[in-house]
Amino acid sequence: MEKHEGFMKALKCRECGREYPLGATHVCEFDFGPLEVAYDYERISKTLTRTAIEARPRTMWRYRELLPIAGEPTVGLQVGYTPLVKADRLAKHLGIRELWIKNDAVNYPTLSFKDRVVSVALSRSQELGFKTVACASTGNLANSVAANAASAGLKSYVFIPSDLELGKVVNSLVYGANVIGIKGHYDEVNRLCAEIAGKFGWAFVNVNMRPYYAEGSKSMGFEICEQLGWRTPQHTVVPMASGSLLTKIHKSYQEFAKLGLVKESSWHIHGAQATGCNPISQAEKAGMDFFKPVKPNTIAKSLAIGTPADGFYALKVMKETGGHADDVTDDEVREGIRMLAECEGIFAETAGGVTVSVAKKLIASGKIPASDSAVLCITGNGLKTLEAMTGHVGQTCEIRPSLREFEAMLKDEEKVAVTA
Ligand SMILES: *Cc1c(COP(=O)(O)O)cnc(C)c1O
Ligand SMILES: [Zn+2]
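194 is the number of the first residue of the sequence shown in my numbering; add one for each residue after it.
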């Protein structure tokens, strides 16, 4: 009883395999398992070849057959195909043979990987006839929903914890979105949104639209493979909030291998969290299949989800691929941001600091062998979390507009350099 829509076959329960029509729904009625989009890979393999992909525009939509919309995309047409940067200076610093940065800090239009998931979720929302879109967010998702909804002429409601960074709040308000600040943690925001989604007929991108939304993350993995010359990386280090991005990067490598777009080879997916919110990494380090919920307390607010919806599946992916997780303190987060900035000229937000510092730990412990090659997923921009670095990056040298004062300043600096 499958009604094909584009290359999608149905929504399918991850637990029991029951199939559902391709509507705005996200849990199985029988076991509350999450629903996932199932595709017709045989049909996809007929059109999705390396040559076809390479001839298409440089956006995430060049992998369109593997993204869950029925027709052509209508929202976020410019999203994706961000740079994959060979990071030789950072590689040397972290003590690994080869290192790459997948830089979604410069994704279009709102400078985080969330533009990928939102362009898919909103394109699908339009297909399903929604006029109002919404989300529960730790910041970047709110920015992306607000911006992409504005450009599509959709009404939006974005729900965030009220104590977010100023940059993330302003970056939602400026597009004219209805921004609701909830006095509570993300997990409380999310619970409220589940209630609202049931009552109002809105497309909540990460609640009732979650099966479509989550698939957008695969495009980051597709791009990594293509940009590496059609191969999967040995190691990929991924920041984890709900754990969804990590599971979808794995799925993207599996799909490319299944379709023969990359050679069948093994890969390891590693997860990164902040110590102040480490439910998934704590469980991985203890060898557990399940996580214990935590109450978040970290400067990495974009990753501060204490009850991660995909935590169980993220643990499974790490186990299956021989990957590991670790977590880092707020000071290490700042150090990670500085290392990436000073070595590669890339200013990432706190989640990027988490990823770099966790990679450093995994390399130092041999969990990522120094003789291997790794890709770090940098998912957000440092200009949005300025308060995390304010007071931790040195100071401006202030002088009057006078050559004499400038020369005197240089002399002082030399003195400091010599005595130091
Ligand atoms: C949302 C987000 C993530 C990860 O999200 P998942 O819920 O694990 O998919 C990573 N980095 C940044 C900057 C984010 O905003
Ligand atoms: Zn089920």
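A virtual CB, placed ideally from N, CA and C, is assigned to each residue, including glycine.
By the DSSP assignment, the alpha helix (DSSP H) with residue 475 in it spans what residues? 472 to 478
Roughly how far, in whole angstroms, is the beta-carbon of residue 313 from the beta-carbon of residue 408, given that I think they are within contact range, below 8 angstroms? Contact between residue 313 and residue 408 holds: their C-beta atoms lie close to 6 angstroms from each other, under 8 angstroms.
Express the C-alpha separation of residue 220 and residue 248 in angstroms, rounding to a whole number. 37 angstroms
With distances taken Cα to Cα, identify the nearest neighbour of residue 462 among 445, 451, 342 and 316. 445
Rounded separation between residue 480 and residue 517 - CA only: 10 angstroms
Excluding sequence positions up to five away, which residues of its chain have a Cβ less than 8 angstroms from the Cβ of residue 566? 289, 290, 291, 292, 293, 426, 427 and 428
Just confirm the distance between the C-beta atoms of residue 457 and residue 450, as a whole number of angstroms; I'd bet it's less than 8 angstroms. 5 angstroms
Short check: CB of residue 410 to CB of residue 441, under 7 angstroms? yes
Pocket of ligand 2 (residues with CB nearer than 6 angstroms to any heavy atom), chain order: 206, 208, 209, 211, 221, 223, 224 and 226
For residue 491 and residue 380, which I take to be in contact (beta-carbon distance under 8 angstroms), what is that distance rounded to the nearest angstrom? The Cβ separation is near 14 angstroms, so there is no contact.
For residue 352 and residue 328, the rounded distance between their alpha carbons: If you take the alpha carbons of residue 328 and residue 352, they lie about 6 angstroms apart.
With DSSP as the reference, please indicate the residues paired to residue 353 in a beta bridge. 374
Only counting the same chain, and skipping five residues up and downstream in sequence, which positions put a Cβ closer than 6 angstroms to that of residue 370? Cβ within range, chain order: 339, 349 and 351.
Pull up the CB-CB distance for residue 510 and residue 465, whole angstroms please, since I reckon it's below 8 angstroms. 14 angstroms between Cβ atoms; not a contact.
Could you check whether the Cβ of residue 342 sits closer than 6 angstroms to any heavy atom belonging to ligand 1? no
Please confirm whether any heavy atom of ligand 1 lies closer than 6 angstroms to the CB of residue 244. no
Using CA atoms only, rank isn't needed, just tell me which of 585, 472, 232 and 208 is closest to residue 200. 232
Less than 6 angstroms between the CB of residue 432 and some heavy atom of ligand 1, yes or no? yes
Residue 580 to residue 345, Cα distance in whole Å? Distance from the CA atom of residue 580 to the CA atom of residue 345, rounded to whole angstroms, is 31 angstroms.
Residue 391: buried (16+ other C-beta within 10 angstroms of its C-beta) or exposed? exposed
Going by DSSP in three states, residue 176 sits in which element: helix, strand or coil? The shown model of the chain, from 194 to 613, leaves out residue 176, and the question about it has no answer.
From residue 575 to residue 540, what does the alpha carbon distance come to, in whole angstroms? 5 angstroms
So who's on the other strand from residue 397, going by DSSP bridges? 327
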